[in-house]
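First comes the structure, then the notes that go with it.
In our numbering, the protein residues as written are 446 to 862.
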């Protein structure tokens, strides 16, 4: 069969070249403008800064066709800086020739093969990328629809839509320094502060401890409380001013004996111990020897009791220390039936602050710099009442709607009225 001449084929429609954004597109793909390529080939070596700026402007027009364009013209762009002498060097000449070569060589753009691994390069600003990440984290954690979830929940919500290197760590750090979470959320950790036993006295009635028993029914003499005075060594107690059923002859586990026996060196003369006590007189060196033996025994028993109590407490507590000038939150508690900061339930703040640590008092207490509206509160607190502030804000939490009592409970003015 004889082939049909091509000139006899009727042309139904002819598609001319299309130029979107002045970039030629044809059936061969995207290509550079031939009219401008000829101008580049005839471009002379720049002699002044103005010519350098013009050449780089033309080259920048085609930067989308040139791989690593931001790195190639660096030796020439340095000539545009103020105070840099215009000196032609081999490096700058090589840069000029390389740009001309890249501009006059038509690249071929193809679709990527998704079955193969590839590396994506971008020159986005690190500062801008960090800002975008903070906006994403804020949207996922701080908004009214997010209600400040934990770092694990935030990460699982975001990983379905976003990913970046170190994303899980960034989420954990963002949630950890959230001021609202630090003040409102409860701590699920062991109480802070290890037990600090008092020094054992050397002699009876050398050191005493006092306490008050209150809230008792009023007696005929008008008393409704008891003042208790206890010797720290022998545990002998005085109750003032009312009679009590407390007996000095009762057994004390820490002493391994009764307080009366520890104080006087013999058992109390009661009907229960009369036969064991009898009548015995001790004078001179024997009395001193017996007294010293009793004191040494009491010391040893108290040391054993202190060590046992400390081991019981420390296993349930954790050691926590702060430094001077650190900022911490102060734990507060609301009185029953009173709203906390006009809020109810777990959303109400459990901490106020942050406050700066001024001085360390002993092993487990710190002095804080409190504002003037909290001047009526003692400024030294146990470490268990403090929580470290991971991010110090420029302004402290406003306390205008809060009336803090001296026992660190508070009422809102609306409830007092």
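Even for Gly, the Cβ is constructed at its ideal location relative to N, Cα and C.
Please read all numbers here as calculations on a predicted model, not as lab measurements.
- Cβ-Cβ distances below 7 Å link residue 650 to 676 in the same chain, with the five nearest sequence neighbours on each side left out; the list follows chain order.
- According to DSSP, residue pairing for residue 644 in a beta bridge does not occur.
- Judged by DSSP secondary structure, residue 624 falls within the alpha helix (DSSP H) whose first and last residues are 624 to 629.
- By the neighbour-count definition (other C-beta atoms within 10 Å, threshold 16), residue 679 is a buried residue.
- In the three-state scheme derived from DSSP, where H, G and I count as helix and E and B as strand, residue 586 is classed as helix.
- Rounded to whole angstroms, the separation of the alpha carbons of residue 524 and residue 530 is 7 Å.
- Using a Cβ distance threshold of 8 Å, residue 828 and residue 803 do not count as a contacting pair.
- Exclusion of the five residues before and after residue 826 leaves 775, 810, 811, 813 as the residues of its chain whose Cβ lies within less than 7 Å of its Cβ.
- Between the C-alpha atoms of residue 686 and residue 663 there is a straight-line separation of about 12 Å.
- It is roughly 11 Å from the alpha-carbon of residue 657 to the alpha-carbon of residue 669.
- Using a 10 angstroms sphere on the CB of residue 521, the tally of other CB atoms reaches 16 or more, which defines it as buried.
- For residue 813, the three-state secondary structure derived from DSSP is strand.
- Residue 627 is a Cβ neighbour of residue 832, given a cutoff of 8 Å.
- Here residue 730 carries a helix assignment [DSSP, helix/strand/coil].
- Non-local beta-carbon contacts of residue 491 in its own chain, meaning distances under 7 Å to residues more than five positions away in sequence, involve 497, 500 in chain order.
- Taking the Cα of residue 818 as reference, the smallest distance to any Cα among 805, 798, 836, 760 is reached at 798.
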